[in-house]
Structures are given as C-alpha cells and as structure tokens.
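Step one of this worksheet: look at the structure below.
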Amino acid sequence: MSCSIAAVVVSLFLSLNQIISCRAAGADDDGAARSLASCLISHGVTNFTLPTSRSYAGVLNSSISNLRFALPDVGKPAAVVLPGSRQDLQRSVLCARSSSLAVRVRSGGHSYEGLSYTSENRVPFVVIDVANLNRVRVDRGSATAWAEAGATLGELFGLAADNVLDAVLVDADGRALDRAAMGRDVFWAIRGGGGGSWGVVYAWKLRLVPVPRNVTVLSVGRTGPVELVAGLVHRWQLVAPSLPDDFYLSVYLPTGPSSLDGNVSVSFSGQVLGPKHRALSALRQSFPELGLAESELGEASWLDATAQFAGLDTAADLPNRQLGSRQYFKGKSDYVRSPISRRAMADIVRYLSTGPPRQGQGQGGGYVILDPYGGAMARIASGDTPFPHRAGTLYGVQYQVYWDEDGELGGRAAAAAGEFCVRWLRSLYAFMAPHVSKGPRAAYVNYLDLDLGANNWTAPAGGSSKAAVARARSSWGAAYFGDNFDRLVGAKTAVDPGNVFNNAQSIPPL
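Those letters in the sequence shown? Residues -24 to -1, 1 to 486, by mature numbering (1 follows the signal peptide of the UniProt record, and there is no 0).
See the structure below:
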C-alpha cells in the first residue's frame, strides 16, 4: 500500500546487515558464471547481468560510492543478481552456493571498505543487489512498518536498531526465518551486529514514531582564529549531548585553512523536532557562544529536512540511488567519553588546518564530523543490542579524507594523492589517541575500517578457530562491539556454524 509517512516515520537506516560473503575455492570465473546463470534461469530468476552483458558495468557501478573500489585492479563479480522477491532472494543464495561463488549482498553501497561488492582474497564471487527489494508497508493502526532491505528512504536519526520488532532473515540453507524461528540470540545479533555474518535480511519490521508536521533546521558556519573555533567546539561538547531528546546538533570541521590569513572554519548542523522559536530560545540559552541569529534557522517538513540533512535538493531526490558525488575516500572513527580540554581542542583544530586542502566540491580534502550521543540512546543498556556505545559516550567522531574523481589533489597524481591523504588521516588518528576512548579504543561498525584488523579465511567456506576468534576480538571485534563480541560469536555459531557468510570483518564462529 502507499501512504504518507509525514506523521508516523522512523528513519530507515537499513545498512545493518546487508553484506554477506560465502567463499568457495577453486572455481573458474567463466564456468562459475555459466553455472550460476543456468541455475538462476532454471529456478525462474531472470534479473541478473554477467560481464559479457551490455548492462553489466552500469549495474555494478550504480551503487559504488567509494571510487577506491571501482579501479581496474579491483576484482569484479562474476555476476550481479537483482532479486525481486523473497523467493528470488532465497534461490539466488542457493544458486550462488551451488556454483562455488562467494557472495556479496549490496543495498546502498554504503560500505566504507567496499565489502558489499568486492572480495578481499580475489576468489570468484557474485553480488546480490537488493535494490529491487524496496517495498515499504505501513500499518498506521499499530504504528509499525515492514521495510524490505533495499529501501533507502531516510537518513540516520537515532538508532533504527532500537526500533526493530521483527525481521526475515534468509540463512545459508535458503530458509526464511522470522524472529521466532531464528531465536533470541540471532535476532539480537542482526540488530546492529554488523553485516556479512548472519545471512541476508530480506525485510525489517519497524516501530514507527510520530514527528511534527514541521521541524526546525539549521546550518551555521563560523570562521576565525584557531582559538575561537576551538572554543566553540569545546563548548559544543558540553552542550550537545545533554540537549533535549528532540534536539540534534553536530559539528563539521574541514581540513586545511579556510583562508590565506590562516583562519579556520567550523559548521554546526542540526534539526529540532519543534518550531523555530522554541529551538532558537533553547539554543541561545544553552549555547550563547554560538551567537545564533533567527535568520540562521528555518522550518521544513520532516521529509524535506531529511533530504537537506542528506545533502539533497528536495525530498523527491531521496529514492534516487545514484544522486550525490562519488569520490575516492578513506574513513575512520572514534568515541569520546570525557570532554576534551580547550587547549587540547585548539591543538586538534590546528592539526586539522595542516590537512589536505579543500579545492571546492568534488575536488578533495578532508573533514571531521562530531555526532552527539546521549538522549534515548543513552537510556538503553549497552547489552540490549550489539551496539554498545551508550551511557557515558558523549559523541562519536568520524574522520574522512577524499580526493577528486579526476585523480588530483594539490597537483599530485591520483595514486600519490590517495597515499598522501590516507597517510595524513592515519597520522590524525594517532594524534587523537590521548583524547578518545581507551580499553578498547572504540569504533563505529558502520564506518568500517580495515586498519583495525581483518579476518584471513582460507577454507572454502571461510572456516574458523579459537585463534581466529581471539584475533578478531582483540582488534576490530572489541572496537566495534565491546563486551558484546562474545555473544555475537555464540549467535554466529548457532546460525552459521560452517561460516558460509563471511568477509574481512565478519563475526567468526566457534
């Protein structure tokens, strides 16, 4: 059914579990592709493309947002399959397995490390793209919705994982398991336990929440000496995590100087689920240092505000999967649990000013985004879902560097530009170590970072061992999931003991 979601909506942050990997060894690419095509056709699945097809490049590249993984030396899939129903999805998984192809499942192509459309060990693989599984059914009476896994309408606004009521998971045997059938631990695991471990989520049942007809939006820029900008960011970290639940205010810090005089810049972007006058009054009282003017706030429908937050022109652009710039980029993440001193914040802002220069939109540079936590997220226990970064976390940090599509940044050739940017990003990450979480140094699973460590599967279906579990736990496992990692290992062992679904940072079984 179709209906307006202006009054009952929760953001469909549906990149929770869209990447799977079923590795097989010793398969010939062409032979495996022919075997897959024959199997799919015999089972009534016809919407797929092979490297020999005219549509192949367009379909493959349609959702690749990180051009690092579109380069010629990156292995390409033996096929891209676009199932249109749950039955198509089940048959696609089984045909891929029977053809000895590793499997990657792609939704929005969001993976920062390309794990939804690449294979780290160059084994032959197929991409199952769930773009056509994009139907959403809203039940106003129960304030719930079933959203298929390819639906990408919306941006992160709180945690959708906390509002998942049910799901349909297609496992390695092609079975479609709902919440009751998959069991308590597996249902817990798929709600934030990372992609590539459990199977393919076909659809989510979400609890909807009401939003007002109009919301307040703001995007405020400030430029000045390092000390001024550092003072604003220092004050922000004391204010933003404790704002009312319906306030959201993030920080964007670009790299490089903003002008020849050495000044630097910062932007504050936010959304308030309420009228402008209330937002202005509250922010002037809690954050007077910002000097917020009434003209710097606007009102929009929740849907239009979501589009604006996503960097789109209008809400009509939200369903378009191919909008937005594509760049080469590398990201990392951190969490802050204690306020950073004003002096240290000035050192950080000064360090950012030495980073890759900004050369206009699409040209290259870098940035740091600070996202406040607190609110409803902090009132949920760290073990209620696999996502552990709850009470005590002030804000998350995203670091990113990018370089332009033409392959130049500051006169450097493409390869050198990338090496320069990534090397500088890693130096920034090291510089931040004294100021962020420790024991372990935490990271956000949706900003995948292979610098933290990677699995090294060698058996045809991945395989695993106590040593593999220990290696994963001590590196990326603890960073992403904290004390929840061992429960995730138990859930993985229950649902996929043969480790059919695996990738460079998937949960290993015991």
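Every residue, glycine too, gets a C-beta built ideally from N, C-alpha and C.
Cβ neighbour criterion (16 or more within 10 Å) applied to residue 96: Translated into positions along the sequence shown, residue 96 becomes position 120. The residue is buried, with at least 16 neighbouring Cβ atoms inside 10 Å.
Own chain partners of residue 40 with C-beta closer than 8 Å, once the 5 adjacent residues on each side are dropped: Your numbering for residue 40 matches position 64 in the sequence shown. Cβ neighbours of residue 40 beyond the five flanking positions: 46, 85, 90, 93, 302.
Closest Cα partner of residue 36 within the set 61, 212, 102: Counting from 1 along the sequence shown, the entry for residue 36 is found at position 60. It is 102.
Alpha carbon of residue 154 to alpha carbon of residue 419, nearest angstrom: The sequence position of residue 154 within the sequence shown is 178, counting from 1. The sequence position of residue 419 within the sequence shown is 443, counting from 1. Answer to the nearest angstrom: the Cα atoms are 30 Å apart.
Whole-Å CB distance - residue 364 paired with residue 459, under 8 Å assumed: Taking the first residue of the sequence shown as 1, we reach residue 364 at position 388. Taking the first residue of the sequence shown as 1, we reach residue 459 at position 483. Yes, residue 364 and residue 459 are in contact; Cβ-Cβ is about 7 Å, under 8 Å.
Identified DSSP bridge partners for residue 115: Numbered from 1 along the sequence shown, position 139 holds the residue referred to as residue 115. Answer is 120.
Residue of 356, 374, 360 minimising C-alpha distance to residue 367: As a first step, residue 367 must be located in the sequence shown, where it is residue number 391. The shortest Cα separation from residue 367 among 356, 374, 360 belongs to 356.
Alpha-carbon spacing of residue 144 relative to residue 67, whole angstroms: To locate residue 144, count along the sequence shown from 1; it is residue 168. To locate residue 67, count along the sequence shown from 1; it is residue 91. Cα to Cα, the separation comes out at about 15 Å.
Residue 146 beta carbon less than 8 Å from that of residue 16: Start at 1 with the first residue of the sequence shown, and residue 16 comes out as number 40. Start at 1 with the first residue of the sequence shown, and residue 146 comes out as number 170. No, they are not a contact pair.
Nearest residue (CA-CA) to residue 19, options 72, 6, 396: For the purposes of this step, residue 19 is identified with residue 43 of the sequence shown, where counting begins at 1. The candidate whose alpha carbon is nearest that of residue 19 is 72.
Residue of 283, 295, 6, 214 minimising C-alpha distance to residue 263: Taking the first residue of the sequence shown as position 1, residue 263 is located at position 287. Among 283, 295, 6, 214, the Cα nearest to that of residue 263 is on 214.
Contacting residues, own chain, Cβ-Cβ under 8 Å from residue 291 (five flanking each side not counted): Within the sequence shown, residue 291 is the residue found at index 315, counting from 1. Within the same chain, residue 291 has close Cβ partners 277, 279, 280, 282, 283.
Backbone CA spacing between residue 195 and residue 223 [nearest angstrom]: Within the sequence shown, numbered from 1, the residue matching residue 195 stands at position 219. Within the sequence shown, numbered from 1, the residue matching residue 223 stands at position 247. Distance between the alpha carbons of residue 195 and residue 223: 14 Å.
DSSP-derived helix/strand/coil call for residue 410: Working through the sequence shown from its first residue, we reach residue 410 at position 434. Looking at residue 410 - three-state DSSP - the assignment turns out to be helix.
Beta carbon of residue 322 nearer than 8 Å to that of residue 202: The count along the sequence shown starts at 1 and reaches residue 322 at position 346. The count along the sequence shown starts at 1 and reaches residue 202 at position 226. Yes; because the gap between Cβ atoms is below 8 Å, this pair is in contact.
One or two residues paired with residue 377 in a DSSP bridge: For the purposes of this step, residue 377 is taken as the residue at position 401 of the sequence shown. In DSSP, residue 377 forms a bridge with 306, 342.
Whole-angstrom C-beta distance between residue 78 and residue 99, which should lie under 8 Å: Along the sequence shown, one-based indexing puts residue 99 at 123. Along the sequence shown, one-based indexing puts residue 78 at 102. At roughly 5 Å, the Cβ-Cβ gap stays under 8 Å, so residue 99 and residue 78 are in contact.
Cβ-Cβ distance between residue 491 and residue 311 below 8 Å: Lying outside -24 to 486, the shown extent of the chain, residue 491 is not represented and no answer is given.
Burial state of residue 473, where buried means 16 or more other Cβ atoms lie within 10 Å: Position 497 of the sequence shown holds residue 473. That one is exposed.
Local conformation of residue 165 per DSSP, three classes: The count along the sequence shown starts at 1 and reaches residue 165 at position 189. Correct three-state label for residue 165: helix.
Alpha-carbon spacing of residue 443 relative to residue 480, whole angstroms: For the purposes of this step, residue 443 is identified with residue 467 of the sequence shown, where counting begins at 1. For the purposes of this step, residue 480 is identified with residue 504 of the sequence shown, where counting begins at 1. So the alpha carbons of these two residues sit roughly 15 Å apart.
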